[in-house]
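J.: So the sequence shown is residues 1 to 272, counted in the working numbering.
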Amino acid sequence: MPRHVLTGTRGAIAVLERSGPRPRYLALLVHGYGEHGGRYAELAGVLEGHGAAVFAPDHVGHGRSEGERVVIEDFEDVVDDVHSAAGLARSVHPGLPGRPGLPLVVIGHSMGGLIAARYAQRHGGRLAALVLSGPVIGDWALPGRLLAHEEIPDVPVSPAALSRDPAVGAAYAADPLVWHGPMKRPTLEAFERTLTRVAEEGDVGRLPVLWLHGDDDRLVPPAGSRVGVERLTAGTHTERIYPGARHEVFHETNRAEVFADVTRFLDRVVPS
Numbered sequence: 001m002p003r004h005v006l007t008g009t010r011g012a013i014a015v016l017e018r019s020g021p022r023p024r025y026l027a028l029l030v031h032g033y034g035e036h037g038g039r040y041a042e043l044a045g046v047l048e049g050h051g052a053a054v055f056a057p058d059h060v061g062h063g064r065s066e067g068e069r070v071v072i073e074d075f076e077d078v079v080d081d082v083h084s085a086a087g088l089a090r091s092v093h094p095g096l097p098g099r100p101g102l103p104l105v106v107i108g109h110s111m112g113g114l115i116a117a118r119y120a121q122r123h124g125g126r127l128a129a130l131v132l133s134g135p136v137i138g139d140w141a142l143p144g145r146l147l148a149h150e151e152i153p154d155v156p157v158s159p160a161a162l163s164r165d166p167a168v169g170a171a172y173a174a175d176p177l178v179w180h181g182p183m184k185r186p187t188l189e190a191f192e193r194t195l196t197r198v199a200e201e202g203d204v205g206r207l208p209v210l211w212l213h214g215d216d217d218r219l220v221p222p223a224g225s226r227v228g229v230e231r232l233t234a235g236t237h238t239e240r241i242y243p244g245a246r247h248e249v250f251h252e253t254n255r256a257e258v259f260a261d262v263t264r265f266l267d268r269v270v271p272s
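1. Measure the C-alpha to C-alpha separation of Glu189 and Phe75 and round it to an integer number of angstroms.
2. Just checking, does the region 12 to 19 make contact with the region 222 to 242 on the three C-beta pairs under 8 Å criterion?
3. Out of Tyr40, Pro243, Gly202, Thr233, which one is the CA nearest neighbour of Pro222?
4. Is Arg24 near Leu102, with beta carbons less than 9 Å apart?
5. Quick check: the Cα distance between Arg10 and Glu200, rounded to an integer number of angstroms?
6. From what residue to what residue does the beta strand (DSSP E) around Gly11 run?
7. Determine the direct distance from the alpha carbon of Ala120 to that of Pro208, and round the result to whole angstroms.
8. Taking its Cβ as the centre, do 16 or more other Cβ atoms sit within 10 Å of Val155, making it buried, or is it exposed?
9. Give every residue of the same chain whose Cβ lies closer than 7 Å to the Cβ of Ile241, excluding the five residues on either side of it in the sequence, and list them in chain order.
10. In terms of residue numbering, what span does the alpha helix (DSSP H) encompassing Tyr172 cover?
11. Return the chain-ordered ranges of every beta strand (DSSP E) run that is complete within the region 223 to 267 and spans a minimum of 3 residues.
12. Report yes if the CB atom of Val70 is closer than 9 Å to the CB atom of Trp140, and no otherwise.
13. Throw me the rounded Cβ distance for the Ser19 and Ala41 pair, which I believe falls under 8 Å.
14. Between which residues of its own chain and Val198 is the CB-CB distance below 8 Å, once the five residues before and five after are set aside?
15. Inspect the beta-carbon positions of His109 and Thr263 and report whether they are closer than 9 Å.
16. Since Gly112 and Asp217 should fall inside the 8 Å C-beta cutoff, what is the C-beta to C-beta distance between them, to a whole number of angstroms?
17. What residues in its chain sit with their C-beta under 7 Å from that of Val82, if we drop five residues either side in the sequence?
18. Between the beta-carbon of Leu26 and the beta-carbon of His93, is there less than 9 Å?
Below, the structure is given as structure tokens:
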């Protein structure tokens with residue numbers, strides 16, 4: 001996929017692009033903690049085939065972007081970087097002459113769901129739709145548990161918690177762009193602040209929202225996310241909870257079903 005480089009709030013941000021010759025909408029893929037946009041190549045391919053120009057930024061401290069590994073001091077900066085990626089997408093694919101710009105969809109997974117939710121609160125007036133996958137939103141106990149320790153415990157993500165497909169966990173464990181060390185205090189503190197901020201900043205009005213979650217997600221339990229999603233959408237969202245699925249529904253054994261749910265939702269809500 002083509003790679004762009006943006007000047008981010010705290011260093012250079014790498015952005016992958018995947019698009020056909022005449023896209024009908026723009027999609028921003030907002031990845032999760034410790035990973036990178038390149039892990040979503042299959043989803044990007046599905047969206048490209050559906051008519052999207054797909055842009056996937058690596059957050060500060062992640063993937064091929066600059067910054068100390070997995071340190072995010074303020075998620076507002078990451079929202080700003082995602083907004084810069086949206087500006088890049090609009091400049092590369094401005095749409096047809098005499099017509100308004102292409103509709104923009106934001107798809108956020110896990111930590112990326114928190115970033116995407118905050119993005120929608122700040123810039124929702126320019127969005128056509130929001131998709132949240134296993135989002136860190138609402139009640140999530142992990143930051144508080146880890147911050148209670150004087151030294152942050154090294155509790156790496158178990159690859160088996162990601163998907164029932166063992167190939168997904170194996171690829172994750174072998175990926176040199178994935179962070180496999182402990183979480184860092186500034187990032188955990190930023191998580192707590194942003195969870196509170198998103199809870200306090202109100203709902204996103206009439207913006208169409210699709211919530212996807214595995215019911216066997218032990219990294220970000222769906223019950224805690226439900227609190228945040230219902231608050232963010234005032235209960236007007238569409239949801240798909242997949243029996244037996246783990247944290248990464250875009251990499252799950254039933255991912256064809258997940259992809260179909262996403263494209264059907266976008267067919268319904270994104271202007272043609």
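All C-beta atoms in this analysis are idealised placements derived from N, C-alpha and C, irrespective of residue type, glycine included.
In this text the structure is predicted, and so the values were computed from the model without any measurement.
T.: Quick look at the numbers:
1. 10 Å
2. no
3. Pro243
4. yes
5. 26 Å
6. 11 to 18
7. 11 Å
8. exposed
9. His213, Asp215, Pro222
10. 166 to 174
11. 238 to 242
12. no
13. Incorrect: roughly 13 Å between the Cβ atoms, too far for contact.
14. Leu114, Ala117, Arg118, Gln121, Ile137, Gly228, Leu232
15. no
16. So it is not a contact: roughly 15 Å between Cβ atoms.
17. Leu28, Val30, Pro57, Ile115, Tyr119
18. yes
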